[in-house]
Amino acid sequence: MLAAVSLVLLLLLWQFLSVLIDRTVVPTPLETWDALVELFRIGDPMSGRSVWTYIRSSLGTFLKGFVLAFAVAFPLGLILGYSKILRELVEPAFEVLRPIAPVAWAPVFVVLLGYVLGPMMVVFVGIFFPLITSVIFGVTKIDPNWIDATRTLGATRIQTFVKVYIPSSIPYLMNGVKTGLGIGWMCIVSAELYASPVGGLGFFISNQAQVGYWPGVFAGIVIIGILGIITVGLSDYLHKTLSKRMGMDA
Amino acid sequence: MTDHGKDDTGTRILIDGLGKTYRRDGKDTEAIEDISLEIRQGELVSFIGPSGCGKTTLLKLIAGLIPPTGGTVEIDGRSCTTPGADRGMVFQDFALLPWRSVRKNVELGLEIAGVPKAERRERAENYIKLVGLEKFADSKVYELSGGMKQRVAIARSLVVRPDVVLMDEPFGALDAQTRNIMQAQLIDILGSTDQTIIFITHSVDEAIYLSDRIVVLTKRPTTIREIIDIPWERPRDRSAPEFNVLKKRILDYLEKENVMEN
Ligand SMILES: Nc1ncnc2c1ncn2[C@@H]1O[C@H](COP(=O)(O)OP(=O)(O)OP(=O)(O)O)[C@@H](O)[C@H]1O
Ligand SMILES: [Mg+2]
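Quick mapping for you: the protein sequence lines, in order, are chains A and B.
Just so we're aligned, residue -12 is where the first sequence starts under the numbering used here, counting upward by one.
Just so we're aligned, residue 17 is where the second sequence starts under the numbering used here, counting upward by one.
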């Protein structure tokens, strides 16, 4: 209920600002809606491409960056959580890299990896840090008695890893996924704004701005917002149900 | 049942000059000063002593979970420096894995031993029944009461049939009635196996009811204050005069060492 009120207030504020500032650069919600409908009906008026091409391109890059970050951060986080020495070796370096806005790497990645893999790497960086931080935190939160109990049942080191370390860090991992997806989604659009030729929603927006078609820009922004809400909402739901089912609050 | 503790065929557990000092952040805590004791196969030995005197520490040393800072623990000549499935442990705070159901917690040790699924299920089922939790086999840990969790922990450690069972106040979270039932069941289980039980309790009554020997510990850093043999037939009569005379004597001592009986 309050959520609905909040959204209505947002739309009113938007309307107010667009009238107040400049309707040509900040179109009203209704004008944006019209542009959005047009966009889905006939596609990008400039290139003639369907809007789904842009969406698919952005989501594809995003997904690849996510999978890569997941594949690296989960095992590495487990290892760093497990070994105090390795953790103390690596963490200072992390602390230096973490505050750098991922998109700052975009020029470097694009030159090194090209227009397709470059933006993906930006997403990777954006998702990697929250993910690995959560996994490390999860491992350090393991009740030492769980490990002791498993060991007195005859478990080898590898078995304690499989039976305790991995499952108990999953809710924390999901918490990291939630944060990571939000950040990653911001990264993809900004990387695409920079690395134009590849397509994607960032490319679409900067193109529309270049020709001065502002309702198109805002239509793009709305699509990004909606996709972002869906991604984060989904992972939030997944994290909550999983933590509850596992009897843990992470 | 009657030949309990009278099996002299071989020494099972030999604790010799055992000591443990924890070192944390440069601060030393001497938990165990010096404990030496032989425990025979099939014997049930209780340890009773003031709060925080080092009872859990002693069990962890026997389990091989922590290294001693002095002395040794041996089982049949083998040093207990690493944990193994031959020594099961029931943890004071249960240490159940919260993401596993009751059944899956009980099956954990069998999974580790590589027991096939069907057999695992059947064996776990037996022990879940034994502790009276068949209605809760598929419940999650967080849905259980403290007493139920404790019974799951007991089933989990017994199902792999360890030679030695280390029990850290295993009945502490149970109500008086369930506690008495579990004590009687433990006696039954013991009657049919050769398992050695090392049992920690705060309850003098429980120690006298169950044990072949009671080891009374001093305050921290702990040593053995006294070892009491209890050769009486089981099941024991809690209202017998000698039961209560002994109970009073141990209680008086513990009170002097400032502990509360529960
Ligand atoms: N890992 C540890 N590091 C440092 N000190 C510890 C550690 N574990 C236990 N101690 C200390 O060693 C002493 C003995 O602890 P222990 O848990 O063995 O006592 P206990 O007899 O089992 O207590 P309780 O009756 O409360 O169960 C305590 O003073 C405790 O604070
Ligand atoms: Mg204890």
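Glycine is no exception: its CB is placed at the ideal position from the N, C-alpha and C atoms.
If you're wondering where the values come from, they're calculated on a predicted model, not measured in any experiment.
Contact under 8 Å by Cβ, residue i with residue j
{"i": "B/R265", "j": "B/D245", "result": "no"}
{"i": "A/F61", "j": "A/V122", "result": "yes"}
{"i": "B/L182", "j": "B/K71", "result": "no"}
{"i": "A/L100", "j": "A/M108", "result": "yes"}
{"i": "A/E179", "j": "A/P106", "result": "yes"}
{"i": "B/S155", "j": "B/V131", "result": "no"}
{"i": "B/L112", "j": "B/V168", "result": "yes"}
{"i": "B/G104", "j": "B/G33", "result": "no"}
{"i": "B/I48", "j": "B/L74", "result": "yes"}
{"i": "B/G80", "j": "A/L140", "result": "no"}
{"i": "B/A171", "j": "B/L146", "result": "yes"}
{"i": "A/A206", "j": "A/A91", "result": "no"}
{"i": "B/L53", "j": "B/V231", "result": "yes"}
Selected residue, minimal CA-CA separation from residue i, among the options
{"i": "B/D191", "options": "B/F63, B/I213, B/E222 and B/G207", "result": "B/E222"}
{"i": "B/Y225", "options": "B/T212, B/F259, B/P83 and B/G125", "result": "B/F259"}
{"i": "B/A13", "options": "B/P84, B/D204 and B/M198", "result": "Outside the shown range of chain B, which is 17 to 278, sits residue 13 of chain B, and nothing can be said about it."}
{"i": "A/V83", "options": "A/V103, A/F116 and A/K71", "result": "A/F116"}
{"i": "B/I55", "options": "B/C69, B/L112 and B/I78", "result": "B/I78"}
{"i": "A/F191", "options": "A/S45, A/V151 and A/F53", "result": "A/S45"}
{"i": "A/W133", "options": "B/F107, B/S52, B/I240 and B/V118", "result": "B/F107"}
{"i": "B/R241", "options": "B/G104, B/C69, B/Q211 and B/I205", "result": "B/C69"}
{"i": "A/G167", "options": "A/Y181, A/G189, A/V54 and A/P94", "result": "A/V54"}
{"i": "A/K231", "options": "A/S155, A/G68, A/Y102 and A/V95", "result": "A/S155"}
{"i": "B/P186", "options": "B/V180, B/R195 and B/P178", "result": "B/R195"}
{"i": "A/G163", "options": "A/L(-2), A/T120 and A/R43", "result": "A/T120"}
{"i": "A/D223", "options": "A/Y181, A/L140 and A/G169", "result": "A/G169"}
{"i": "A/F96", "options": "A/F205, A/C174 and A/V219", "result": "A/C174"}
{"i": "A/A142", "options": "B/E127, B/C96 and B/R137", "result": "B/E127"}
{"i": "A/L26", "options": "A/K71, A/I42 and A/V151", "result": "A/I42"}
{"i": "B/Y38", "options": "B/I203, B/E141, B/T85 and B/R116", "result": "B/T85"}
{"i": "B/R28", "options": "B/I213, B/E271, B/S161 and B/E159", "result": "B/I213"}
heavy atom of ligand 1 below 7 Å from residue i C-beta
{"i": "B/G42", "result": "no"}
{"i": "B/Q166", "result": "no"}
{"i": "B/T45", "result": "yes"}
{"i": "B/Q108", "result": "yes"}
{"i": "B/G68", "result": "yes"}
{"i": "B/Y225", "result": "no"}
{"i": "B/R236", "result": "yes"}
{"i": "B/Y38", "result": "yes"}
Any non-hydrogen atom of ligand 2 closer than 7 Å to residue i Cβ
{"i": "A/D236", "result": "no"}
{"i": "B/T72", "result": "yes"}
{"i": "B/D184", "result": "yes"}
{"i": "A/Q146", "result": "no"}
Residue i Cβ short of 7 Å to ligand 3 heavy atom set
{"i": "A/R138", "result": "For ligand 3, the structure offers nothing, since it holds only ligand 1 and ligand 2."}
May I have a chain-ordered list of the beta strand (DSSP E) segments no shorter than 3 residues that lie completely inside the segment 147 to 223 of chain B? 180 to 184 and 212 to 216
So if I threshold CB-CB distances at 7 Å, which residues from the segment 103 to 114 of chain B count as touching chain A? R103, G104, M105, F107, D109, A111, L113 and P114
Which complete alpha helix (DSSP H) runs does the segment 179 to 234 of chain A hold, if anything under 4 residues is left out? 188 to 197 and 201 to 232
Please list, in chain order, the residues of the segment 109 to 140 of chain A that have any C-beta partner in chain B closer than 8 Å. D130, N132, W133, D135, A136, T137, R138, T139 and L140
So if I threshold CB-CB distances at 9 Å, which residues from the segment 205 to 234 of chain B count as touching chain A? none
Residues of the segment 150 to 181 of chain B with Cβ closer than 7 Å to any Cβ of chain A, in chain order: K156, V157, Y158 and V176
Mind listing which residues of the segment 157 to 171 of chain A have their C-beta closer than 7 Å to chain B's C-betas, in chain order? none
Quick check on the DSSP output: what are the complete alpha helix (DSSP H) runs of length 4 or more inside the segment 94 to 181 of chain A, in order along the chain? 131 to 139, 144 to 147 and 153 to 181
Within the segment 31 to 94 of chain B, ranges of the beta strand (DSSP E) (whole runs, at least 3 residues): 43 to 56, 60 to 64 and 86 to 91
Which of the residues in the segment 190 to 202 of chain A, read from start to end, lie with their CB under 7 Å from any CB of chain B? none
Just by C-beta distance, which residues in the segment 221 to 236 of chain A are closer than 8 Å to chain B? R232, M233, G234 and M235
To be precise: take each residue of the segment 189 to 201 of chain B, compare its Cβ to all Cβ atoms of chain A, and keep it if any distance is under 9 Å. Which residues remain? none
Give, in chain order, every residue of the segment 115 to 137 of chain B whose Cβ lies closer than 7 Å to some Cβ of chain A. W115, L124, G125, I128 and A129
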